[in-house]
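Below: the structure, in C-alpha coordinates.
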Amino acid sequence: MQIFGVDIGGSGIKGAPVDLDRGDLAQERFKVLTPHPATPDAVADGVKEVVGHFGWTGPVGITFPGVVTGDSHIRTAANVDKGWIDTDARALLSERIGGLPVTVLNDADAAGVAEMQFGAGQGRKGTVLLLTFGTGIGSALFVDGELVPNTELGHLELNGHDAETRASTKAKDDHELTWEHWARRVTKYLAHVEMLFSPELFIIGGGVSRKAPKFLPLIEGIKAEIVPAQLQNNAGIVGAAMRAAQKA
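Just so we're aligned, residue 0 is where the sequence shown starts under numbering that gives the first Met the number 0, counting upward by one.
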(Lines of atoms letter the chains of each structure in order from A; the text may use other names.)
(Lines give C-alpha, C1' and ligand atoms only; values in the text may rest on other atoms or scores of the structure.)
Protein backbone atom coordinates (compact mmCIF):
# COMPACT_ATOMS: atom_id res chain seq x y z
CA MET A 0 0.00 0.00 0.00
CA GLN A 1 1.28 3.46 -0.91
CA ILE A 2 0.32 6.82 0.62
CA PHE A 3 1.94 10.19 -0.05
CA GLY A 4 3.88 11.96 2.70
CA VAL A 5 5.10 15.57 2.82
CA ASP A 6 7.48 16.98 5.43
CA ILE A 7 7.40 20.77 5.85
CA GLY A 8 10.62 21.99 7.44
CA GLY A 9 12.23 25.31 8.15
CA SER A 10 14.60 24.93 5.21
CA GLY A 11 12.87 22.52 2.81
CA ILE A 12 9.55 20.94 1.84
CA LYS A 13 10.06 17.35 0.75
CA GLY A 14 7.79 14.48 -0.12
CA ALA A 15 7.34 11.13 -1.84
CA PRO A 16 4.98 8.17 -2.05
CA VAL A 17 5.61 5.81 0.86
CA ASP A 18 5.44 2.02 0.82
CA LEU A 19 3.68 1.39 4.13
CA ASP A 20 4.47 -2.31 4.11
CA ARG A 21 8.20 -1.57 4.19
CA GLY A 22 8.13 1.79 5.96
CA ASP A 23 10.28 3.36 3.27
CA LEU A 24 9.97 5.71 0.33
CA ALA A 25 8.53 4.08 -2.79
CA GLN A 26 10.25 6.65 -5.01
CA GLU A 27 13.09 9.11 -4.58
CA ARG A 28 11.84 12.12 -2.67
CA PHE A 29 11.36 15.53 -4.30
CA LYS A 30 12.30 18.69 -2.42
CA VAL A 31 11.77 22.42 -2.83
CA LEU A 32 13.17 25.17 -0.63
CA THR A 33 10.90 26.52 2.07
CA PRO A 34 9.92 30.05 0.99
CA HIS A 35 10.93 33.06 3.07
CA PRO A 36 8.79 34.39 4.51
CA ALA A 37 7.15 30.99 5.02
CA THR A 38 3.57 32.29 4.91
CA PRO A 39 0.66 29.86 4.69
CA ASP A 40 0.02 30.63 1.02
CA ALA A 41 3.69 30.39 0.03
CA VAL A 42 4.23 27.10 1.86
CA ALA A 43 1.00 25.71 0.43
CA ASP A 44 2.33 26.48 -3.04
CA GLY A 45 5.49 24.54 -2.18
CA VAL A 46 3.42 21.56 -1.05
CA LYS A 47 1.44 21.77 -4.29
CA GLU A 48 4.68 21.64 -6.29
CA VAL A 49 5.94 18.58 -4.37
CA VAL A 50 2.67 16.65 -4.70
CA GLY A 51 2.24 17.70 -8.32
CA HIS A 52 5.73 16.48 -9.19
CA PHE A 53 4.46 12.92 -8.73
CA GLY A 54 0.99 13.44 -10.19
CA TRP A 55 -0.44 12.07 -6.93
CA THR A 56 -4.23 11.79 -6.63
CA GLY A 57 -4.82 10.01 -3.31
CA PRO A 58 -4.64 10.85 0.41
CA VAL A 59 -1.72 12.99 1.59
CA GLY A 60 -0.15 13.21 5.04
CA ILE A 61 1.63 16.47 5.81
CA THR A 62 3.85 17.45 8.73
CA PHE A 63 4.06 20.94 10.21
CA PRO A 64 6.88 22.37 12.39
CA GLY A 65 4.68 23.43 15.29
CA VAL A 66 1.73 22.44 17.45
CA VAL A 67 -1.18 21.00 15.46
CA THR A 68 -4.45 20.58 17.35
CA GLY A 69 -6.77 17.66 16.72
CA ASP A 70 -8.89 19.67 14.29
CA SER A 71 -5.75 20.62 12.28
CA HIS A 72 -5.52 24.22 13.45
CA ILE A 73 -1.97 25.51 13.97
CA ARG A 74 -1.18 26.79 17.44
CA THR A 75 2.55 27.66 17.22
CA ALA A 76 4.91 28.58 14.38
CA ALA A 77 8.46 29.00 15.69
CA ASN A 78 10.38 28.53 12.43
CA VAL A 79 7.79 29.63 9.86
CA ASP A 80 5.71 32.80 9.45
CA LYS A 81 3.46 33.68 12.41
CA GLY A 82 0.56 33.97 9.96
CA TRP A 83 0.21 30.19 10.35
CA ILE A 84 -1.15 30.57 13.89
CA ASP A 85 -4.89 29.73 13.99
CA THR A 86 -4.81 28.62 10.34
CA ASP A 87 -6.87 25.56 9.45
CA ALA A 88 -3.94 23.77 7.81
CA ARG A 89 -5.96 20.83 6.53
CA ALA A 90 -8.46 23.06 4.72
CA LEU A 91 -5.77 25.30 3.22
CA LEU A 92 -3.51 22.51 2.02
CA SER A 93 -6.32 20.32 0.72
CA GLU A 94 -7.70 23.21 -1.33
CA ARG A 95 -4.25 23.97 -2.76
CA ILE A 96 -3.63 20.40 -3.94
CA GLY A 97 -6.95 20.03 -5.68
CA GLY A 98 -9.17 18.85 -2.86
CA LEU A 99 -7.21 15.68 -2.04
CA PRO A 100 -7.79 14.28 1.49
CA VAL A 101 -5.17 15.78 3.82
CA THR A 102 -4.02 14.83 7.31
CA VAL A 103 -1.74 17.23 9.23
CA LEU A 104 0.41 16.50 12.27
CA ASN A 105 3.45 17.84 14.07
CA ASP A 106 6.69 17.10 12.23
CA ALA A 107 8.58 15.48 15.08
CA ASP A 108 5.54 13.43 16.07
CA ALA A 109 5.44 12.10 12.50
CA ALA A 110 9.12 11.18 12.63
CA GLY A 111 8.61 9.50 15.98
CA VAL A 112 5.65 7.43 14.79
CA ALA A 113 7.77 6.16 11.90
CA GLU A 114 10.77 5.35 14.07
CA MET A 115 8.64 3.49 16.61
CA GLN A 116 7.04 1.36 13.90
CA PHE A 117 9.91 0.80 11.46
CA GLY A 118 13.10 2.20 12.98
CA ALA A 119 15.11 2.53 16.17
CA GLY A 120 12.08 2.39 18.48
CA GLN A 121 10.62 -0.90 17.28
CA GLY A 122 9.41 -2.98 20.21
CA ARG A 123 10.60 -0.49 22.83
CA LYS A 124 8.42 0.01 25.89
CA GLY A 125 8.75 2.52 28.70
CA THR A 126 9.50 6.17 27.94
CA VAL A 127 11.11 6.90 24.58
CA LEU A 128 11.98 10.37 23.28
CA LEU A 129 12.78 11.13 19.68
CA LEU A 130 14.52 14.48 19.18
CA THR A 131 15.00 15.95 15.71
CA PHE A 132 17.89 18.38 15.30
CA GLY A 133 17.63 20.72 12.32
CA THR A 134 16.41 24.29 11.88
CA GLY A 135 15.00 23.85 15.39
CA ILE A 136 14.64 20.94 17.80
CA GLY A 137 11.52 18.82 17.54
CA SER A 138 10.40 16.20 20.04
CA ALA A 139 8.14 13.16 20.11
CA LEU A 140 7.38 11.49 23.43
CA PHE A 141 6.17 7.89 23.67
CA VAL A 142 5.05 5.97 26.75
CA ASP A 143 4.78 2.22 26.14
CA GLY A 144 4.50 2.93 22.43
CA GLU A 145 1.73 5.55 22.75
CA LEU A 146 2.42 9.05 21.44
CA VAL A 147 1.98 12.09 23.70
CA PRO A 148 1.51 14.67 20.92
CA ASN A 149 2.87 18.20 20.49
CA THR A 150 5.48 18.18 23.26
CA GLU A 151 7.70 20.83 21.56
CA LEU A 152 10.60 20.26 23.96
CA GLY A 153 12.93 22.26 21.75
CA HIS A 154 11.51 25.35 23.43
CA LEU A 155 12.58 24.43 26.94
CA GLU A 156 14.79 27.07 28.51
CA LEU A 157 18.49 26.22 28.42
CA ASN A 158 20.93 28.64 30.07
CA GLY A 159 18.40 31.45 29.72
CA HIS A 160 17.71 30.75 26.04
CA ASP A 161 15.22 28.78 23.97
CA ALA A 162 16.99 25.41 23.77
CA GLU A 163 16.83 25.17 19.98
CA THR A 164 18.64 28.50 19.61
CA ARG A 165 21.61 26.91 21.41
CA ALA A 166 21.61 23.24 20.41
CA SER A 167 19.92 22.88 17.01
CA THR A 168 21.90 22.03 13.90
CA LYS A 169 21.15 25.56 12.67
CA ALA A 170 22.78 26.95 15.82
CA LYS A 171 25.85 24.80 15.11
CA ASP A 172 26.08 26.15 11.58
CA ASP A 173 25.23 29.77 12.43
CA HIS A 174 27.87 29.93 15.17
CA GLU A 175 30.39 27.75 13.26
CA LEU A 176 30.68 25.37 16.21
CA THR A 177 32.97 22.37 16.12
CA TRP A 178 31.39 18.96 16.63
CA GLU A 179 32.96 18.90 20.11
CA HIS A 180 31.50 22.28 21.10
CA TRP A 181 28.10 21.43 19.68
CA ALA A 182 28.09 18.02 21.42
CA ARG A 183 28.64 19.78 24.76
CA ARG A 184 25.54 21.90 24.12
CA VAL A 185 23.53 18.85 23.09
CA THR A 186 24.70 17.05 26.23
CA LYS A 187 23.43 19.90 28.43
CA TYR A 188 20.11 19.82 26.62
CA LEU A 189 19.75 16.02 26.90
CA ALA A 190 20.63 16.18 30.60
CA HIS A 191 17.85 18.72 31.16
CA VAL A 192 15.30 16.66 29.24
CA GLU A 193 16.43 13.49 31.02
CA MET A 194 15.92 15.19 34.39
CA LEU A 195 12.33 16.00 33.41
CA PHE A 196 11.26 12.72 31.77
CA SER A 197 13.76 9.96 32.70
CA PRO A 198 13.48 8.17 29.33
CA GLU A 199 14.96 4.75 28.71
CA LEU A 200 15.86 5.73 25.14
CA PHE A 201 16.75 8.86 23.19
CA ILE A 202 16.45 8.59 19.39
CA ILE A 203 18.35 11.36 17.62
CA GLY A 204 16.71 12.28 14.31
CA GLY A 205 16.80 14.97 11.68
CA GLY A 206 19.39 15.36 8.94
CA VAL A 207 22.25 15.31 11.45
CA SER A 208 21.44 11.68 12.28
CA ARG A 209 23.40 10.76 9.14
CA LYS A 210 26.49 12.11 10.89
CA ALA A 211 25.94 10.37 14.23
CA PRO A 212 29.52 9.01 14.44
CA LYS A 213 30.81 12.60 14.52
CA PHE A 214 28.96 13.59 17.69
CA LEU A 215 27.25 10.72 19.54
CA PRO A 216 30.55 9.35 20.94
CA LEU A 217 31.20 12.84 22.37
CA ILE A 218 28.00 12.84 24.47
CA GLU A 219 28.74 11.64 28.00
CA GLY A 220 26.96 11.42 31.33
CA ILE A 221 23.48 10.61 30.01
CA LYS A 222 21.89 7.58 31.67
CA ALA A 223 19.46 6.76 28.85
CA GLU A 224 20.53 4.84 25.78
CA ILE A 225 21.15 7.17 22.82
CA VAL A 226 20.83 5.94 19.23
CA PRO A 227 20.51 7.59 15.80
CA ALA A 228 17.23 7.44 13.93
CA GLN A 229 17.27 4.60 11.40
CA LEU A 230 14.99 6.32 8.91
CA GLN A 231 17.10 9.47 9.26
CA ASN A 232 15.62 12.49 7.50
CA ASN A 233 12.91 10.46 5.72
CA ALA A 234 11.14 9.65 9.00
CA GLY A 235 8.80 12.63 8.80
CA ILE A 236 7.62 11.69 5.30
CA VAL A 237 7.00 8.09 6.36
CA GLY A 238 5.19 9.08 9.55
CA ALA A 239 2.99 11.57 7.71
CA ALA A 240 1.95 8.86 5.26
CA MET A 241 1.27 6.45 8.11
CA ARG A 242 -1.07 8.93 9.80
CA ALA A 243 -2.86 9.67 6.51
CA ALA A 244 -3.42 5.95 6.00
CA GLN A 245 -4.95 5.68 9.48
CA LYS A 246 -7.36 8.53 8.67
CA ALA A 247 -8.23 7.32 5.16
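Quick reminder that beta carbons are idealized off the backbone N, C-alpha and C, glycines included.
- Taking the Cα positions, Asp85 is about 21 Å away from Ala239.
- Under the rule that a run must span 4 or more residues, no alpha helix (DSSP H) segment is found entirely inside the region 110-148.
- Per DSSP, Ala190 is one residue of the alpha helix (DSSP H) stretching across 178-196.
- Leu24 carries a strand assignment under DSSP once its states are collapsed to helix, strand and coil.
- Nearest to Gly8 by alpha-carbon distance, out of Leu24, Pro16, Asp18, Pro34, is Pro34.
- The alpha carbon of Lys213 has as its nearest neighbour, out of Glu224, Ser197, Val185, Ala234, the alpha carbon of Val185.
- Excluding five sequence positions before and after Lys124, the CB atoms of its chain that fall closer than 6 Å to its own CB belong to Asp143, given in chain order.
- According to DSSP, His160 shares a beta bridge with Leu157.
- Residue nearest to Val79 within the set Phe117, Ile12, Ala166, Asn149 is Ile12 (criterion: CA-CA distance).
- In this structure, Ala113 and Ala234 form a Cβ contact; the two beta carbons are roughly 4 Å apart against a cut-off of 8 Å.
- The beta carbon of Phe29 sits closer than 6 Å to those of Val49, His52, all from its chain and outside the five residues before and after it, given in chain order.
- In terms of Cα proximity to Lys81, the closest of Pro198, Val42, Asn232, Phe117 is Val42.
- The beta carbons of Gln229 and Gly118 sit closer together than 7 Å.
- Taking C-alpha positions only, Asp87 is separated from Pro216 by approximately 42 Å.
- In this structure, the beta-carbon distance from Gly133 to Gly206 falls below 7 Å.
- Under the DSSP assignment, Glu224 falls in the beta strand (DSSP E) whose first and last residues are 224-227.
- In the three-state scheme derived from DSSP, where H, G and I count as helix and E and B as strand, Asp18 is classed as strand.
- When the alpha-carbon of Leu189 is set against those of Arg209, Leu176, His154, the nearest one is in His154.
- Setting aside the 5 residues that flank it on each side, Ile218 is surrounded in the same chain by Ala182, Val185, Thr186, Leu189, Ile225, each with a C-beta closer than 8 Å to its C-beta; the list follows chain order.
- By the neighbour-count definition (other C-beta atoms within 10 Å, threshold 16), Glu179 is an exposed residue.
- Closest in C-alpha terms to Thr150, from the list Ala166, Val192, Glu175, comes Val192.
- Val17 is positioned such that its CB atom lies closer than 7 Å to that of Leu24.
- Taking the Cα of Ser10 as reference, the smallest distance to any Cα among Asn232, Ile203, Gly57, Val101 is reached at Asn232.
- Segment contact: the region 92-103 against the region 52-64, three or more CB-CB distances shorter than 8 Å; contact assigned.
- Within the region 19-88, the complete alpha helix (DSSP H) segments at least 4 residues long are 39-52, listed from N- to C-terminus.
- Taking Gly204 as the centre and dropping the five residues before and after it, the same chain places the C-beta of Ala110, Leu129, Thr131, Ala228, Ala234 closer than 6 Å to its C-beta, in chain order.
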